[in-house]
Amino acid sequence: MQRHVSVGRTAQLLPRRFLHRQACVDFALGALTSRAQYSRINPQAMRHEELSEDEIGPLVDDAVVWANQHGLVVALKDPNFVNPELAVVHAPLSLTPVPYPRARFQLAQQVMPLFNQLVDAVAADEPYLESTLRPAAAHDAFTGRLLGTLAATRDARATLRAARREVVLGIHRSDYMLDEPSGKFLQVELNTIASSFGCLSALMTRLHNYMASRMTSLEPGRLPANPALEHIPDAIATAADSTGLRQEGGVVVMVVQPGERNAYDQQWIQLGLWERHRLRTVRMTLAEIAATAKLDPATATVTLKGGAPVCVFYFRAGYTPTDYPTETEWAARELIERSNAAKCPTVAYQLAGTKKVQQDLAAPGVLERFVPDSRDSGLLREFFAGLWSLDPRDVATDPGVAAAVADAVARPEAYVLKPQREGGGNNLYGEELRAALRAGGEQLSAYILMQRILPPANRSVLVRNGQWSQGETLSELGIYGTFVRHGDAVLLNQQSGHLVRTKTSSSNEGGVAAGFAVLDSPYLVD
93 MQRHVSVGRT AQLLPRRFLH RQACVDFALG ALTSRAQYSR INPQAMRHEE
143 LSEDEIGPLV DDAVVWANQH GLVVALKDPN FVNPELAVVH APLSLTPVPY
193 PRARFQLAQQ VMPLFNQLVD AVAADEPYLE STLRPAAAHD AFTGRLLGTL
243 AATRDARATL RAARREVVLG IHRSDYMLDE PSGKFLQVEL NTIASSFGCL
293 SALMTRLHNY MASRMTSLEP GRLPANPALE HIPDAIATAA DSTGLRQEGG
343 VVVMVVQPGE RNAYDQQWIQ LGLWERHRLR TVRMTLAEIA ATAKLDPATA
393 TVTLKGGAPV CVFYFRAGYT PTDYPTETEW AARELIERSN AAKCPTVAYQ
443 LAGTKKVQQD LAAPGVLERF VPDSRDSGLL REFFAGLWSL DPRDVATDPG
493 VAAAVADAVA RPEAYVLKPQ REGGGNNLYG EELRAALRAG GEQLSAYILM
543 QRILPPANRS VLVRNGQWSQ GETLSELGIY GTFVRHGDAV LLNQQSGHLV
593 RTKTSSSNEG GVAAGFAVLD SPYLVD
C-alpha cells in the first residue's frame, strides 16, 4: 500500500529512482563555506534592544511569577517532598523572544501539512521502511525490534483494516535551525513520536506577550499566534470520535514514562481533552498496560481495568530503548499495535521518523516516490540539509557519499554524526565524529552523516530555577503538525503551533527535557 503527498492535486505513483547523489553533495559542501560570503541575514534586523543588568533582575522575577501562576512549569523532583512529583518549578525559559525572518517562519508553517502527509505516505509503504532500515537495524537493536513488531503485527492489522476503516493520528514536529549561509530554515529532524512541549510553548508565547507589555523594545504584533494548546487535544479528540468507541465510554490512554518530569506539559493536553471535549485521559506506563489491559481477539478492542475501552493510545514514551527494560514493555507495544484504537504513533509512523529515513528521503528521486508533484517536492527539498548514508556499500559505490565522508574527516566541525535515537545527547561531533568515520565498519550503518547547520548567534537571558545568566545563544525552531485520517478520508491536516529552544552557543545538543536548552518564542522581523 502506498500513499502520496499532494495538496489539492491528484497524486500518481512514480517508481523509485536510484539517481546519482553528487548534486546533494555539491549543495551541502557549498553551503558549508564562508558565512560572510553567503550570508543573507541582516544582523541588525535580527536583533532587538539588549537589556542592562539593572533591568534584567526585576523582569526575571516577574517572568518567574507569571510562569508559576499560569502553569508554565515542570516537576521539581525534590526528594525532600513527601510527593516529589507534585512539587513544581518554572520551566527553563528565555526572558525575551528570539528574532526570526517573518517570511521564512511563515514558509515553515505553510509546509507543515506536506510533512504530515509525507509521514503518512512513507508509513503506508512498509516494504520501503523495511528495505531502508534493514542495514541500520543490523547494528541497532532498538530499530530492529521495532521492525520486528511491525512484521509480527502485519496480518492482524491487515485483517482489522479489512473489517473497518483505519483511524490514523499524527502529532508531529519538524525541527529546524536557521542556516546563516543560505538564509533558510534547514530541517534538523522530523519527530513522529512524543513531540513534546507543545502546550508549554503556547504558554511561552503568552509569557512573551506579557513581557512585551512591560518592555517598550518589544512589539506584541511580532509574536505569532501559537494554537498548540487547542490543536493537539482537538486532533486527539477527532481521532477518538472516528473510532466509534466514545459512545461506549472510550478513553484516551497517554503512554508515559515512570517519574516523568515534563508531566505538566502532558497534563495540559489532558485538561484540554476534558474541558473542550469531555474526553477522559488515563496515564499509564507500558508495564501498567501489559499488566491490566485486555485485548478482545474478536473485536481488537482494548479494555482497561473497570471495562473502559481505549479509543486512542497517545505516546509520550516508547521512543528510546530505556522505555523497554523487559519483554513486558514490548508485549504492551505489540498489544497496542494489534488493537483497533488510534495510535499516535503506530510503529510504522515511528519508523518513518527515523534519521535513516530522513537521510534516504533527501537522496535524489526518493522523496519524489511519495511526493510526485514537483512543486510540492521542490518546496520540501528547500528545507533539507545535506544528508548522507554511512552504509559501507554506499560509501564504496557512490562517489558523492565518499566525497562527503572524506570532507567530514578533514573538517569534522562542518558535520554531525546522528544515530537512530531520540531524546537528545546521542550525536557525535568534532574529534569523536572524525574517529568514528576513520574507524569505519558496518556499525556505521546505524548512523547518518549530516551537514552542520550554522545558525546566527543572539544574546539572550536564560532563566533556570529562578536564576538567570546572559550570553551568546543559538536557537532551534519546531513547527507542530496534526493529522487525522479515517480510511482514505483526511479529516485534519494542519500546522498546529511552534516551539523554540534556545541554548548557549557552546552547547552541541538542544533538548529542554535533556537539560541542554530553555523554552523560547519567535519574534518575527521583516
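Position 58, counted from 1, in the sequence shown is what our numbering calls 150; the numbers after and before it change by one each time, with no gaps. Cβ atoms here follow ideal geometry from the backbone N, Cα and C, with glycine treated the same way. Because the structure is a prediction, the values reported are computed rather than measured.
Take the Cβ of arginine 430 as the centre, count every other Cβ of all protein chains shown within 10 Å, and call the residue buried at 16 or more, exposed below.
-> So arginine 430 counts as buried.
When you compare only the Cα positions, how much space is there between glycine 262 and aspartate 333?
-> 15 Å
Every unbroken alpha helix (DSSP H) within the region 313-376, with a cutoff of 4 residues, ordered by chain = 320-335, 355-369
Check serine 598 in the structure and name its three-state DSSP category.
-> coil
If you follow the beta strand (DSSP E) that isoleucine 428 is part of, which residue opens it and which one closes it?
-> From DSSP, isoleucine 428 is part of no beta strand (DSSP E) but of the alpha helix (DSSP H) over 419-430.
Nearest residue (CA-CA) to threonine 391, options Leu371, Val374, Leu337, Thr438 | Closest option to threonine 391, Cα to Cα, is Leu337.
Can you find at least 3 beta carbon pairs, one from the region 547-557 and one from the region 576-592, that sit closer than 8 Å?
-> no
If we ignore side chains and look at the alpha-carbon of each, how far apart do alanine 137 and proline 413 end up?
-> Caution applies to alanine 137, whose pLDDT of 47 falls short of 50 and renders its modelled position unreliable; the value that the coordinates give is listed next. Cα-Cα distance, rounded: 44 Å.
At which residue ranges does the region 484-558 contain complete alpha helix (DSSP H) runs of 4 or more residues, listed in the order of the chain?
-> 484-489, 491-502, 522-531
Buried versus exposed, by CB contacts within 10 Å (16 or more), serine 625 = Because the chain is modelled from 93 through 618, residue 625 falls outside the range shown and cannot be assessed.
Do the region 392-412 and the region 323-332 meet, that is, are 3 or more Cβ pairs less than 8 Å apart?
-> Touching, yes.
Measure from the alpha carbon of methionine 303 to the alpha carbon of each residue in Gly351, Trp158, Tyr220, then state which is nearest.
-> Trp158
Collapsed DSSP secondary structure at asparagine 301 in the structure displayed | helix
Between isoleucine 540 and valine 211, what straight-line distance do the alpha-carbon atoms span, to the nearest angstrom?
-> 19 Å
Aspartate 483 burial status per 10 Å Cβ neighbour count (16 or more: buried) = buried
Could you spell out where the beta strand (DSSP E) holding arginine 265 opens and where it closes?
-> Run containing arginine 265: 259-271, per the beta strand (DSSP E) assignment.
Contact under 8 Å by Cβ, asparagine 519 with valine 508 | yes
Take phenylalanine 197 as the anchor and find which of Val610, Tyr572, Thr596 has the nearest alpha-carbon.
-> Tyr572
Name the residue from Pro401, Pro389, Trp480 whose alpha carbon lies nearest to the alpha carbon of valine 374.
-> Pro401
Comparing alpha-carbon positions, which option in Gln279, Arg485, Trp366, Glu505 lies nearest leucine 453?
-> Its Cα nearest to that of leucine 453, the residue Gln279 stands out among Gln279, Arg485, Trp366, Glu505.
So is asparagine 585 buried or exposed if we call it buried at 16+ other beta carbons inside 10 Å?
-> buried
Alpha carbon to alpha carbon, what distance is there between alanine 538 and histidine 231?
-> 6 Å
Roughly how many angstroms lie between the CA atoms of valine 165 and asparagine 208, to the nearest whole one?
-> 29 Å
Beta-bridge pairing of threonine 574 - partner residues as DSSP gives them = Ile263, Gln586
Closest by C-alpha distance to glycine 163, when choosing among Ala213, Asn283, Gln358 = Gln358
Ends of the beta strand (DSSP E) at tyrosine 406?
-> 402-407
Would you be able to state if there are at least three C-beta pairs under 8 Å between the region 470-482 and the region 425-442?
-> Judged by Cβ distances under 8 Å, the region 425-442 makes no contact with the region 470-482, as fewer than three pairs qualify.
Distance, Cα to Cα, proline 205 vs aspartate 267?
-> 14 Å
Simplified DSSP assignment, three categories, for valine 463 | coil
When the Cα of glutamate 426 is compared with those of Ala167, Lys386, Asp490, which residue comes out closest?
-> Lys386
When you compare only the Cα positions, how much space is there between glutamine 450 and methionine 307?
-> 41 Å
Pick from Ala477, Val582, Glu380, Ser287 that is closest to proline 273, judged by C-alpha positions = Ala477
Just curious, the alpha helix (DSSP H) that tyrosine 441 is in, first and last residue?
-> 439-444
Cβ separation of valine 214 and aspartate 612, assumed to be a contact under 8 Å, to the nearest whole Å | About 30 Å; that fails the 8 Å criterion.
Leaving aside the five residues before and after leucine 121 along the sequence, list all residues of the same chain whose C-beta is less than 6 Å from its C-beta, in chain order.
-> Model confidence at leucine 121 stands at a pLDDT of 35, short of 50, so the residue's coordinates are unreliable; what they give is reported in the following sentence. Once the five neighbours on either side are set aside, leucine 121 has no close Cβ partner at all.
Assigned secondary structure, glutamate 142 (DSSP; H/G/I helix, E/B strand, else coil) = coil
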